[in-house]
Structures are given as C-alpha cells and as structure tokens.
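Using this note's numbering, read the sequence shown as starting at 80 and increasing by one per residue. We put the beta carbon where it would ideally sit given N, CA and C, even for glycine. Bear in mind that the values here come from a model prediction, so they are computed numbers and not experimental data. To keep things clear, I will list the structure first and then write my remarks on it.
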Amino acid sequence: PAREPWPLPCLAMGMYDVVVAFDHATREAWLISQGWSADHNETSTQRHEQAARRLSWFRDLLLKPNDDSDISVSFFDGPTTRRQTSAAVELGLGELQPMFPAGSSEYATRYSNFTHDSYCTAVQQAIDYIYAGDIFQVNLAQQLWIPAEVDSNTLYTHLRSENSATFAGYFDLGEFQILSASPERFIKVDDRHVETRPIKGTRPRRIGPEADLFAGADLRHSGKDRAENVMIVDLMRNDLSRVCQADSVQVSQLCEIESYEYVQHLVSAVTGQLRQDQCSIDLLSCAFPGGSITGAPKIRAMEIIAEIEPHARGAYCGSLGYINWDGSLDLSILIRTITAGRGWWQLPVGGGIVAQSQPEREYEETWHKAAGMLRGIDAAVRAKRHEPSVQRNGSPC
80 PAREPWPLPC LAMGMYDVVV AFDHATREAW LISQGWSADH NETSTQRHEQ
130 AARRLSWFRD LLLKPNDDSD ISVSFFDGPT TRRQTSAAVE LGLGELQPMF
180 PAGSSEYATR YSNFTHDSYC TAVQQAIDYI YAGDIFQVNL AQQLWIPAEV
230 DSNTLYTHLR SENSATFAGY FDLGEFQILS ASPERFIKVD DRHVETRPIK
280 GTRPRRIGPE ADLFAGADLR HSGKDRAENV MIVDLMRNDL SRVCQADSVQ
330 VSQLCEIESY EYVQHLVSAV TGQLRQDQCS IDLLSCAFPG GSITGAPKIR
380 AMEIIAEIEP HARGAYCGSL GYINWDGSLD LSILIRTITA GRGWWQLPVG
430 GGIVAQSQPE REYEETWHKA AGMLRGIDAA VRAKRHEPSV QRNGSPC
C-alpha cells in the first residue's frame, strides 16, 4: 500500500446537538437543537427544556458585543527554505521537487510528490492497465505540498473568497485541519430518496464569453470526457441498485455542463429510493468511496492507485458532511481540498484516466483544478506578508 505521510484517522465523527444552519440565498440562519444528552434517556419535555437552554446560551454567545481585548490574531511562522526539505524527508515524502509550471508564485513555494515526467509515466502505467483489461478507468493524483504561512482559519477565509464552492467545508481534527472547496456531492439522502452527482470531465474557464463558450462546447462534445463520465454513472447505478428499489434507480441528468470559478465540469446525477430493509449506513457501505475518484471496476482501480501513487491520499477523495437522526445525510467528495498540519498544506489534485487519455494533458488538467486553491493560498500569504500580526493585547507586533 501507499505510504501515509500523516497519521490521519480513517473516520472522524462527532455528535452535535446545537447546529447553526445558513441559507445563503435568503441570508437567514437557524439555531437547531434536539436536546439530547449522552445517555439519550430524556423524556420529550426534558429534551425540549434542554434544547431551549442550549439555544438560549448559544444565541447570547452570538449576539453579545465583541470584546476587542479578547481578540487574538496570530499567524504561523513558516519554516525556512532549508527546513522545508528536511521536514519533507521527516514526513517520508523524500526530496520533493520544486514545481513551477504555468507560472510560478512569488508568494508560496510549491512541491510535489511527482515530477512532470514521473506523473506522465504514472498516467501511461494506468493506460497500460486499461489496455490489459484490468480496468476501464482510474483516478490518479499528484500531491502538492506548500509550507504553511498562516493559520488554517485565515487560509479558509481566503479560500471562501477566491474559490467559493457548493460543498465547501472546514473540519478541525486538532493537529490537522481539512479545508475543502469541493464542487461535488457524493450522496444525499432525504426522506429515503437518494441522489449522487458524479463529476467527470474538465476544462479551464477562459477569459471572455466567446472563448469560455468554446471551451464548454469542446467539453460537451469530447468523446473521451463523456466516456469518463458515463463509466462512473454506470458504476454508481450499480452501487445504488444494491440498496435501492430495483425500478427506482434512474439517471436524472447526464453529462451536463456546470461552470465554476476556474473550471467547467461534466456533471451527471443518479437517483433512487432506499428499500425498506436498507438504511443510509447500508448505502454508504455499498457506495463509499465515490466512483468518480476511484475508477471502474472500483476495487481493482483502488489497488492500482495504491500501487502507482507514492503516498496515501489522507482526507483527499474521502467525504465530509452530516448524518441526521432520521437517516437523512449529505456528503461531499473531498476534492479541491487542503489538509493542514505540521507546518504544511497538502493539496492533492488529479483526474480520471481512460484509454484515450494523453499523459501531458492529464498533467496539465491537475494544475487547472488546483488553480482556485492556489489562488486562495497566494491571497492568504500575500495578506499575511503585507499586514502585521496582532498580539493578544491588540497592538501591532
């Protein structure tokens, strides 16, 4: 198996009885609590009273005036260039090669666990497996490593500004933080209705409406990209059919273009209705991890990923989201995602490899997908270097 640079848990869950839910379109928010405690032995009246107390406390916390004397803004002092390489060796990543394709950044040094040539070689290995009949498609990724210069909260604020995404999320694991700007839904369950929305097929956004429309048309009519997408649609139909009513699994959207800040994607949707003898956890056991970030057939594709990629992915290509008491859930695919920790930002980026793939173009596509995240990183580092830190007492350093 691929080496794991960081000791991240395979699963991290929490029980949250106070939730702040936002509707960004209407600019409304709700405070929600069900009044549960650890033993779940309360009566309905006790739960109601406990929920009311929690909401009152939380509301007061949100609405009380800010006390500037309590504000602490601190930035992480990034390691020196000399220490960057030694830290990489300590992480088990080897001597990482500096990467400067498509214009270097004056703000953030970038490393990768692949060189240009070794990534193209990895893509060709995957193509060889396809022609040998092992798989139809596999998702390969390189990992970008960037020395951290600001704290994770600050970086996430800049990512939200520079690369807003439908399934953005922040999850604090203590030593490590997950900062995601994912555009992709893995699975949603609502009243036993299931939806998955795989993304396969990418083009960079172009400057000017005509050039952008041309790029979209090129994506829409690309046999290679449609093949990527349709393969994963078939895989997800099979996954859903294992737990859904047989006649309910349908493709409600096939290879439609959706535009984001820096890229355009082909997006499909597969839906179904859970059988009465199945629950959301049964669905996850059948469908996780998502087909769009593994390949087809899924298990053999994951074996090839572990063989070809030099390091384990960590949180990348996992899922982030919530599961409710009633079985409803909404989970993303953790693409366009940074894991922060130990003075580094890890940003894996990849793409689907099929028989028609061209190694050089696949390498370029990884950088198209990284563009928005790298812009957010540059914005955060630029702001830190141009603005003084603030001590606990609020005075400039």
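Can you check whether the CB of residue j is closer than 8 Å to the CB of residue i?
{"i": "S398", "j": "I311", "result": "no"}
{"i": "A48", "j": "P226", "result": "There is no way to answer for residue 48, as the model of the chain reaches only from 80 to 476."}
{"i": "L353", "j": "C323", "result": "yes"}
{"i": "L234", "j": "Y190", "result": "no"}
{"i": "L258", "j": "A450", "result": "no"}
{"i": "V202", "j": "I417", "result": "no"}
{"i": "V328", "j": "L314", "result": "no"}
{"i": "F265", "j": "I414", "result": "no"}
{"i": "Y249", "j": "Q221", "result": "no"}
{"i": "N218", "j": "G429", "result": "yes"}
{"i": "Q204", "j": "I387", "result": "yes"}
{"i": "M452", "j": "N317", "result": "no"}
{"i": "S231", "j": "P277", "result": "no"}
{"i": "K267", "j": "D139", "result": "no"}
{"i": "A130", "j": "Q113", "result": "yes"}
Go to residue i, then tell me how far its beta strand (DSSP E) extends in each direction, as first and last residue.
{"i": "H272", "result": "H272 to T275"}
{"i": "W85", "result": "That residue, W85, is in no beta strand (DSSP E); it is neither H nor E in DSSP."}
{"i": "D409", "result": "L408 to S411"}
{"i": "K42", "result": "The requested residue 42 does not occur in the structure, where the chain is confined to residues 80 to 476."}
{"i": "N218", "result": "Q216 to P226"}
{"i": "A391", "result": "Counting along the chain, A391 falls outside any beta strand (DSSP E), and DSSP gives it neither H nor E."}
{"i": "V346", "result": "V342 to Q352"}
{"i": "I266", "result": "R264 to D269"}
{"i": "C334", "result": "Q329 to S338"}
{"i": "S398", "result": "Premise fails: S398 is in no beta strand (DSSP E) and is neither H nor E."}
{"i": "A306", "result": "Note, A306: premise wrong, no beta strand (DSSP E); alpha helix (DSSP H) at G302 to S320."}
{"i": "D251", "result": "F246 to D251"}
{"i": "S112", "result": "E107 to S112"}
Would you call residue i buried or exposed, if buried means 16 or more other Cβ atoms sit within 10 Å of its Cβ?
{"i": "V98", "result": "exposed"}
{"i": "L210", "result": "One detail in the question is off: residue 210 reads as Tyr in this sequence, not Leu. When all chains shown are included, Y210 counts as exposed."}
{"i": "I456", "result": "buried"}
{"i": "A394", "result": "buried"}
{"i": "Y95", "result": "exposed"}
{"i": "Q435", "result": "exposed"}
{"i": "T159", "result": "Residue placement at T159 is poorly supported in this model, since its pLDDT is 38, which falls under 50; the coordinates are not used for a value here."}
{"i": "I286", "result": "exposed"}
{"i": "E439", "result": "exposed"}
{"i": "V460", "result": "buried"}
{"i": "E120", "result": "The residue asked about is misnamed: residue 120 is Asn in this sequence, not Glu. Exposed is the call here."}
{"i": "T373", "result": "buried"}
{"i": "L238", "result": "buried"}
{"i": "L90", "result": "exposed"}
{"i": "P84", "result": "buried"}
Have a look at the options and flag the residue whose alpha-carbon is nearest the alpha-carbon of residue i.
{"i": "G295", "options": "R284, G302 and H447", "result": "R284"}
{"i": "A375", "options": "S359, D326 and D213", "result": "D213"}
{"i": "I111", "options": "L219, S135 and L413", "result": "S135"}
{"i": "G302", "options": "A391, T281 and L238", "result": "T281"}
{"i": "D291", "options": "K267, C358, A325 and V342", "result": "V342"}
{"i": "F255", "options": "W424, A458, E443 and R440", "result": "W424"}
{"i": "S407", "options": "Q125, E274, A459 and A391", "result": "E274"}
{"i": "P427", "options": "Q437, E444 and R421", "result": "E444"}
{"i": "D269", "options": "S359, F246 and Y208", "result": "S359"}
{"i": "Q357", "options": "A391, D326 and R321", "result": "R321"}
{"i": "S333", "options": "Y339, L345, E340 and T188", "result": "One detail in the question is off: residue 333 reads as Leu in this sequence, not Ser. Measuring from the Cα of L333, the nearest candidate turns out to be L345."}
Along the chain, where does the alpha helix (DSSP H) containing residue i start, and where does it finish?
{"i": "Y210", "result": "H195 to Y210"}
{"i": "P438", "result": "P438 to H465"}
{"i": "G295", "result": "P288 to R299"}
{"i": "S259", "result": "Taken as a continuous stretch (DSSP letters only), S259 belongs to no alpha helix (DSSP H), being part of the beta strand (DSSP E) at Q256 to S261."}
{"i": "Q125", "result": "S123 to L142"}
{"i": "A366", "result": "S359 to A366"}
| request: Pair every Cβ in the stretch 401 to 414 with every Cβ in the stretch 348 to 367, then say whether three or more of these pairs are closer than 8 Å. | output: These segments touch.
| Any chance the stretch 376 to 394 sits against the stretch 343 to 358, with 3 or more Cβ pairs inside 8 Å? | No: fewer than three Cβ pairs fall under 8 Å.
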